[in-house]
Amino acid sequence: MALAFDEFGRPFLILKEQDQKTRLRGLDAQKANIAAARAVARILRTSLGPKGMDKMLQSPDGDVTITNDGATILELMDVDNQIAKLLVELSRSQDYEIGDGTTGVVVMAGALLEEAEKLLERGIHPIRIAEGYEMASRIAVEHLERIAHKFEFGPTNIEPLVQTCMTTLSSKIVNRCKRSLAEISVKAVLAVADLERKDVNLDLIKVEGKVGGKLEDTELIYGIVVDKDMSHPQMPKRIEDAKIAILTCPFEPPKPKTKHKVDIDTVEKFQTLRQQEQKYFDDMDVGATLVICQWGFDDEANHLLMHRNLPAVRWVGGVELELIAIATGGRIVPRFQELTPEKLGKAGLVREKSFGTTKDRMLYIEHCANSRAVTIFIRGGNKMMIEETKRSIHDSLCVARNLICNNSIVYGGGSAEISCSLAVEAAADKYPGVEQYAIRAFADALDAIPMALAENSGLQPIETLSAENNPCCGIDCNDVGTNDMLEQNVFETLIGKRQQILLATQVVKMILKIDDFNAPAPMVIELTRVDGLALKLDALAWLEEAPAPDALKKAPFSIKSPSDLQFQFLHSLSGAASCLVT
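So the sequence shown is residues 65 to 646, counted in the numbering used here.
Below, the structure written as structure tokens:
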């Protein structure tokens, strides 16, 4: 117990501090964890499929994002619960590894936890549930391998790739242009892919956007687009057969690094200085017709470049310089002394393009010697549309890359999940132990994906659909009139679907094995004044956010052997007054 006084000399008694931890054990901890994870899954469930809804998220800075991409939604959400953060990591892992299916993997994990909760209430041990889920996931993955088909494609036959990318884009806001965007994505991936090694480097594909125009104006450029213009308005806007010098050093005459000054008192000395500066530019004459520099240069250097009819672009980013070097076959030069004709890049056409009435200009570097670096240039009515289109094209590019690495596909629309559910249900009879219940629960959870697709499309439940046992039979979300996904050309990659099942099972097993949860509660200090007035203060809240109550400002405090947090708290309340430690 400690005694404190306010500015009027009235005492406060610090009776106790609740620095204990909130603790849950056993079934209560597991139910709390499952409830937190299911809450996140419910948020994403309505965003699944071609008729899924979008989410609007506002950052603390006021920036608004509208999207239905699962990874983006969870990335921008303010998630405090540690179990919910596991699902955020789950979605992020799916995005990093596959690039698509970020919503489905969270919905599946939520369904698995929902079924596990029913088994826990029936008294089944969580370890047995986790083991049953592991068995069921292996059965489902093996069944996926059996029902998968291989696509044959090539540079002249890209239709299989386009159809699969169109399936991905069907659930996005850009679905009205899904055919053209899918073709652009496939052509971009094939341009940078090594088909013999089945290797695709998506870093060679630059996705750029500019507000204005319409979505249909999006184009693929076999080269690089830079959001810069010529350094001088009188420099040529179009250069054919360009030889490009790519520099990472300042493009200007050298300046002395000391505080000395040069006194010029005659015309001859001034002319000598000018000749030395011009000679510096003459020494760089290696046949370049365009200079692209990472740094800026002053008006004097700009004038000298203009005088020599040498167009230049300044303040180009390092990543863009690397892409330009890859596309043109040039070398990045860090010092002028190393600039030689062999290090120049070559491009068939370099042009400056203006947009609208705002005089925005961008530089197009096209018809490059090496077209393994390309640009997807997006147009849209506003910034939010362009950003969402970038996310959609990223998913489409990842799907095309996955198909090049592994050309096996399964049918979409929930048909793969329905088929796996039936296979797992049939295999459950082979396991006489308690794991059989978990395997059947896993089969029921697999139906969560097609059920969510049906609900989001306003369709009836799918019990009659499951009875057909057809691996091509899925949810007719677009109301075409047939449930055959082969006829609708709805395809998904095998590795993406397999990764969904494995990742969701892995995270669910981790959550089920948690039976003890400790969380530090806020440090609440009860202050009771002698006249009977009582206050409860959250120490962390006052330290981080709120000012101290007026009744406690500048009051001397006394406490015996305080902890560091208590000491900071008392200082925050006392203000300029001292805190007496006894």
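For each residue, glycine too, the CB sits at the ideal point set by N, CA and C.
Remember, predicted model here, so these are calculated numbers, not experimental data.
* To do: Would you kindly report the start and end of the unbroken beta strand (DSSP E) that includes phenylalanine 555?
  => 555–557 is the span of the beta strand (DSSP E), which, as asked, contains phenylalanine 555.
* Roughly how many angstroms separate the alpha carbons of alanine 507 and glycine 196, rounded to a whole number? -> Cα to Cα, the separation comes out at about 11 Å.
* To do: Starting from the Cα of valine 474, find the closest Cα among Asp133, Pro514, Arg562 and give me that residue.
  => Checked all of Asp133, Pro514, Arg562; the closest Cα to valine 474 is Arg562.
* Span separating the alpha-carbon of valine 238 from that of lysine 301 -> So the alpha carbons of these two residues sit roughly 33 Å apart.
* Asked: With 16 other CB atoms within 10 Å as the buried threshold, where does histidine 458 fall?
  -> So histidine 458 counts as buried.
* Nearest-angstrom Cα separation, counted from leucine 523 out to tyrosine 495 -> If I take the Cα positions, the gap works out to 35 Å.
* Between the beta-carbon of leucine 245 and the beta-carbon of threonine 220, is there less than 9 Å? -> Contact: no.
* Might you give, ordered along the chain, the residues of its own chain that have their beta carbon closer than 7 Å to the beta carbon of arginine 465, omitting 5 neighbours on each side? => A distance below 7 Å between beta-carbons, with the five flanking residues on each side excluded, links arginine 465 to the following residues of its chain, in chain order: Val253, Val264, Leu266.
* Asked: Near aspartate 291, what residues of its chain come up, given a Cβ to Cβ distance below 6 Å and the 5 sequence neighbours on each side ignored?
  -> Within the same chain, aspartate 291 has close Cβ partners Met426.
* By how many angstroms is the C-alpha of alanine 180 removed from the C-alpha of alanine 505? -> Taking the straight line from one Cα to the other gives about 7 Å.
* Among Val397, Arg338, Leu374, which residue has its Cα nearest to the Cα of leucine 385? -> Ranked by Cα distance from leucine 385, the options Val397, Arg338, Leu374 are led by Val397.
* Does DSSP put proline 399 in a helix, a strand or coil? -> For clarity, residue 399 is arginine in the given sequence; the question names proline instead. Coil at arginine 399, not helix or strand.
* To do: State the Cα-Cα distance for the pair glutamate 489 and glutamate 198, rounded to the nearest angstrom.
  => Cα atoms of glutamate 489 and glutamate 198: separation of roughly 14 Å, rounded to the nearest angstrom.
* Name the DSSP bridge partner or partners of tyrosine 495? -> Partner(s): none; tyrosine 495 has no beta bridge.
* Own chain partners of leucine 567 with C-beta closer than 7 Å, once the 5 adjacent residues on each side are dropped -> Closer than 7 Å at the Cβ level, and outside the excluded window around leucine 567, lie Leu154, Ser157, Gln158, Val169.
* Pairing CB atoms from the stretch 349–358 with CB atoms from the stretch 366–384, are three or more of them under 8 Å? -> At 8 Å Cβ cutoff, the stretches touch.
* Asked: CB-CB under 8 Å to threonine 351, same chain, minus the five flanking residues each way: which ones, in chain order?
  -> Looking at the sequence shown, residue 351 is not threonine but glycine. Answer for glycine 351: Lys307, Pro405, Leu408, listed in chain order.
* To do: Could you tell me the boundaries of the beta strand (DSSP E) in which glutamine 122 lies?
  => Membership of glutamine 122 in the beta strand (DSSP E) is indicated by the continuous run 119–122.
* Find the nearest neighbour of isoleucine 285 within the set Asp293, Gly273, Lys278, Ser295, judged by alpha-carbon distance. => Of the candidates Asp293, Gly273, Lys278, Ser295, the one whose C-alpha sits nearest the C-alpha of isoleucine 285 is Gly273.
* Own chain residues within Cβ distance below 6 Å of valine 128, not counting five before or after -> Excluding sequence neighbours, valine 128 sits near Gln122.
* Asked: Got a sec, what are the start and stop residues for the alpha helix (DSSP H) aspartate 92 sits in?
  -> Aspartate 92 -> alpha helix (DSSP H) spans 90–109.
* Asked: To which residues does DSSP link histidine 213 through a beta bridge?
  -> Answer is Ile473, bridged to histidine 213.
* Asked: Does the beta-carbon distance from isoleucine 191 to lysine 577 come in below 9 Å?
  -> Taking the C-beta atoms as reference points, lysine 577 is found nearer than 9 Å to isoleucine 191.
* Asked: Assuming isoleucine 559 and asparagine 470 make a contact with CB atoms under 8 Å, what is their CB distance in whole Å?
  -> About 5 Å separates the beta carbons of isoleucine 559 and asparagine 470, which is inside the 8 Å limit, making them a contact pair.
* Using a threshold of 9 Å, state whether the C-beta atoms of isoleucine 310 and alanine 437 are closer than that. => In this structure, isoleucine 310 lies away from alanine 437, with their beta-carbon atoms at least 9 Å apart.
* Could you name the residues of the same chain whose beta carbon sits closer than 6 Å to that of serine 625, not counting the 5 residues immediately before and after it, in chain order? => Residue placement at serine 625 cannot be trusted, given a pLDDT of 42 that sits under 50; what the coordinates show is reported in the next sentence. Taken in chain order, the list of residues that qualify is empty.
* Count the other CB atoms, across all protein chains shown, that sit within 10 Å of the CB of lysine 262; report buried if there are 16 or more and exposed otherwise. => Lysine 262 comes out exposed.
* Asked: How many angstroms separate the CA atom of valine 205 from the CA atom of isoleucine 565?
  -> Their backbone Cα atoms lie some 8 Å apart in a straight line.
* Burial state of glutamine 552 (16 or more Cβ within 10 Å) -> That one is buried.
* Pull up the CB-CB distance for alanine 173 and alanine 101, whole angstroms please, since I reckon it's below 8 Å. => Rounded, the Cβ-Cβ distance is 7 Å, consistent with contact.
* Asked: So methionine 426 is in the beta strand (DSSP E); what residue range does that whole segment cover?
  -> Note, methionine 426: beta strand (DSSP E), 424–432.
* Kindly indicate the opening and closing residues of the alpha helix (DSSP H) around threonine 392. => Per DSSP, threonine 392 belongs to the alpha helix (DSSP H) from 382–392.
* Taking the runs of the beta strand (DSSP E) that are 3 residues or longer, which of them lie wholly in the stretch 239–278? -> Whole beta strand (DSSP E) segments, 3+ residues: 269–275.
* **DSSP state of serine 418 mapped onto helix, strand, coil** => DSSP places serine 418 in strand when its eight states are reduced to three.
* To do: Look up lysine 307 in the DSSP assignment and say whether it is helix, strand or coil.
  => If DSSP states are grouped into helix, strand and coil, lysine 307 belongs with the strands.
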